[in-house]
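To start, the structure under review is shown below, and the notes come after it.
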Amino acid sequence: MSTIFSIGLSGLNAAQNALNTTSNNISNVYTPGYNRELTILGQSRADAGVQVNAIQRQFNQFVANQLNSSISASSALKTYESQISQIDNLLADRDAGLAPLLQNFFSSLEDLAGAPSDPSARQGLLGTANTLSAQFRAFDSYLQDMQEGVNGQIKDEVTQINNMTEQLATLNREIALARARSGEAPNSLLNQRDQLVAELSERMDIRLEIQDGKSYNVSLPNGQPLVSGTNHYRLEAMDAPNDPQRTVLGYRDSGGSLVALSESTIKGGTLGGLMTFRAETLDKTQNQIGQLAVSLTVGFNEQHRLGQDLDGNQGGDFFSIGQPRAYSFPRNTSDAEVTAASFDATNIDKLRATDYTVRFGEPGDPPQVIRKDNGQAVPADEISWEDNVLSFGGITLTFSGPPDSGDRYEVQPVRRVAANLEAEIADLDKIAAGSFVSATSDMIAGQVRAESGALGGLEAGERYAITLDSAGALTFGSAVGQEMPATVLVDGEERTVNADGTISGDPLTAGATLTVDGVSFKVKLPSAAQGEFTLDLSIAASGTGDNRNALALQNLQSKSLVGGRASLNQAYAGMVSDVGNRTNIVKVNLDARQGLTDQLKAVQQSESGVNLDEEAANLIRFQQFYMANARVIDTASTVFDTILGLRN
1 MSTIFSIGLS GLNAAQNALN TTSNNISNVY TPGYNRELTI LGQSRADAGV QVNAIQRQFN
61 QFVANQLNSS ISASSALKTY ESQISQIDNL LADRDAGLAP LLQNFFSSLE DLAGAPSDPS
121 ARQGLLGTAN TLSAQFRAFD SYLQDMQEGV NGQIKDEVTQ INNMTEQLAT LNREIALARA
181 RSGEAPNSLL NQRDQLVAEL SERMDIRLEI QDGKSYNVSL PNGQPLVSGT NHYRLEAMDA
241 PNDPQRTVLG YRDSGGSLVA LSESTIKGGT LGGLMTFRAE TLDKTQNQIG QLAVSLTVGF
301 NEQHRLGQDL DGNQGGDFFS IGQPRAYSFP RNTSDAEVTA ASFDATNIDK LRATDYTVRF
361 GEPGDPPQVI RKDNGQAVPA DEISWEDNVL SFGGITLTFS GPPDSGDRYE VQPVRRVAAN
421 LEAEIADLDK IAAGSFVSAT SDMIAGQVRA ESGALGGLEA GERYAITLDS AGALTFGSAV
481 GQEMPATVLV DGEERTVNAD GTISGDPLTA GATLTVDGVS FKVKLPSAAQ GEFTLDLSIA
541 ASGTGDNRNA LALQNLQSKS LVGGRASLNQ AYAGMVSDVG NRTNIVKVNL DARQGLTDQL
601 KAVQQSESGV NLDEEAANLI RFQQFYMANA RVIDTASTVF DTILGLRN
């Protein structure tokens, strides 16, 4: 009789466990990270009755790893798409964008050319110039706010990641203790740990290793550990060594020093999406806006200085703008710092929308300059290093002293220059609509440039009479009314003008830059058949109706001012198109990745998710199981009572 009771009791116990498991599944159907459990039954070792072998958690590690990886990629793309859409909407706005303001600015120049002395036309030009410069500053401010927002979000993400890694290490410890006590880890702790890994994957891409099939070890893609058993290692948000305005990830090395991680280390998750967006789009857009502002400023100022205002004076700078920025690396061994930075108007066509890393080698050798947008080195023939002055890419940097071998500097030529773009002229009479420098000749192969105060030694009626022959010999005339300068510059090299009007040094070559009294232009050599070119360089006769420089300023709209390759409108349209295309690519990739993530979630739920219909059926099944075993016990009790009654 005891056997029947034992069988019935084992069945009741099994049914009770199965009902508890089913009830637990139903109650946690909406609990994030919960994995469905099954009661695994087996025959009792006593060969009579049933026993509960395990409460098995339905979890597939392979599917979970695939899903976490896909979630990490989806989260990165979702963050990227959220950020880049803001820039796309800003640039493409037909009312708030730069395109209509550039058009209005050059239209006001057209009005000025039609009536060069009209105060309303001059006021209209100043109004559109102020509006355009204000919009450049607004764009820069908006993009800089995004930079600071990214810095803040990175700090928040690092705080959350550190909390999660600490919790993971704690769960590893609790799970190990539970295994030591009962031989099995509680499923609830395992669910919490796997859910933490999933949430961590949503914030950054990680590498998960399971040690001895029990403890979780988590590391960054480069192998830097975050969780090792019961130990966790914190990340820190820190200023980039090469740019104090930029927040990056850092970790403590074995010596306790804070070391910055490469920004390319993290690609997935919200954190990776922020860093990828900043590196690929935000930095590039800021640089392109800056390049556009510099090209407008330098090109317009150069032409304006070739003009004459209503007071008969040479035109001054119409716009002012910020200057390039440079930062020394903290591990530099010398004290050499960049003390001055400026734009090189002569080589402004070399200006590019990118940052640079400058590395110094052996003393006397020119430094190596690396573009950060494509990793390519600037050709050596485009770099000038002399007397602690470095020139390349349309900028000039002055160092306080000679850097040591191995010293590095981060150079941002155009990143924040638009923040200081201003229209400098407030006096209507100072707009130089007339021509100041009279220089028209086949000798001139490039745009004429004039420094402030150019031709200051000449007076009305005086001029430089210059002759250039096919051999490159340059000669100044000395007839009545013709002046002869003491020196000239050829490609920046000072040359003496001899008494006979010839210049010292080697003959000029085609494309050489000649500078006479602050007026510069590239020369073109005549052919042997042409014999020689002549040029009269003088102060132009101008009046209130002179619109020659206004027309030249208006023609800048179609000139290739930006990088020597595109006009202002073309460059801006290219920037809008680039951001729009990148936005579309990110959205398409997000849709594709989200589809894969949804599929993996479906696979994971099919195995680990709770199905209420199935659990409801199990409730009925295990209830019948329970009632049947209760009936076995009841039957055993009846038989036992009957046997006892026989004795009476």
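In the UniProt record's numbering, the protein residues as written are 1 to 648.
No residue lacks a Cβ here, since even glycine has one placed at the ideal position from N, Cα and C.
Note that the coordinates shown come from a computational prediction; the quantities given were computed from them, not determined experimentally.
- Under DSSP, Val248 shares a beta bridge with Met238.
- Our two residues, Ala616 and Asn581, have alpha carbons roughly 51 Å apart in a direct line.
- Fewer than three beta-carbon pairs drawn from the region 544-564 and the region 260-278 are found closer than 8 Å, and the two stretches are therefore not classed as touching.
- Here Met627 is exposed. Its C-beta has fewer than 16 other C-beta atoms within 10 Å.
- Counting along the chain, no beta strand (DSSP E) covers Gly33, and no H or E run does either.
- Annotation: the continuous beta strand (DSSP E) that includes Gln211 extends over Arg207 to Gln211.
- Under the three-state reduction of DSSP output, Arg449 falls in the strand class.
- DSSP assignment within the region 529-561 yields the following whole alpha helix (DSSP H) runs of 4 residues or more, N-terminal first: 548-555.
- Non-local C-beta neighbours of Asn162 in its own chain, meaning closer than 7 Å and more than five positions away in sequence, comprise Arg234 and Leu235, ordered along the chain.
- The DSSP-derived three-state label of Asn231 is strand.
- About 19 Å separates the beta carbon of Ala566 from that of Leu421, a gap too long to meet the 8 Å contact definition.
- DSSP, reduced to helix, strand and coil, places Val610 outside both helices and strands of the structure shown, so it counts as coil.
- For a cut-off of 8 Å, the C-beta gap from Ser44 to Val50 is around 6 Å, short enough to register as a contact.
- At a Cβ-Cβ threshold of 8 Å, Gly269 and Asp194 do not count as neighbours.
- The DSSP assignment places 325-328 and 338-343 as complete runs of the beta strand (DSSP E) inside the region 286-358, in order along the chain (cut-off: 3 residues).
- For the pair Ser520 and Tyr409, the CB atoms are not nearer than the 8 Å cut-off.
- Secondary structure remark: continuous beta strand (DSSP E) runs of at least 3 residues inside the region 449-513, in chain order: 463-469, 474-476, 487-490 and 493-496.
- With contacts defined by Cβ atoms closer than 8 Å, Val488 and Val480 do not form a contacting pair.
- For Glu37, the uninterrupted beta strand (DSSP E) run begins and ends at Glu37 to Gln43, by DSSP.
- Counting only residues of its own chain and dropping the five nearest sequence neighbours on each side, Leu535 has a CB closer than 6 Å to the CB of Ser441, Met443 and Ile466.
- In the structure shown, Lys267 adopts coil according to DSSP, grouped into three states.
- Rounded to whole angstroms, Gly229 and Val603 show a C-alpha spacing of 29 Å.
- Cα atoms of Thr509 and Gly531: separation of roughly 15 Å, rounded to the nearest angstrom.
- For Arg495 and Gly501, the gap between their C-alpha atoms comes out near 12 Å.
- Thr638 has its alpha-carbon roughly 15 Å from the corresponding atom of Leu9.
- Comparing alpha-carbon positions, the option among Ala240, Leu296 and Ser606 lying closest to Ala64 turns out to be Ser606.
- Three or more Cβ pairs drawn from the region 399-419 and the region 338-352 lie within less than 8 Å of each other, which places the two stretches in contact.
- For Thr128, the CB contacts under 6 Å within the same chain, skipping 5 residues up- and downstream, are Asn104, Phe105 and Ser108 in chain order.
- By the criterion of at least three beta-carbon pairs nearer than 8 Å, the region 413-430 is not in contact with the region 369-382.
- Under the three-state reduction of DSSP, Pro119 is assigned to helix.
- If you ignore the 5 residues before and after Asp243, its C-beta comes within less than 7 Å of the C-beta of Tyr327 and Glu410, all in its own chain and listed in chain order.
- Looking at the DSSP output, Ser384 bridges to Ser391.
- Gly563 is not a Cβ neighbour of Asp387, given a cutoff of 8 Å.
- Minimum Cα-Cα distance from Leu249 among the listed residues Gln314, Ala260, Ala113 and Thr159 corresponds to Ala260.
- Looking at Asp239, Pro225, Leu125 and Asn231, the one whose alpha-carbon comes closest to that of Asp253 is Pro225.
- In this structure, Gln623 lies away from Leu177, with their beta-carbon atoms at least 8 Å apart.
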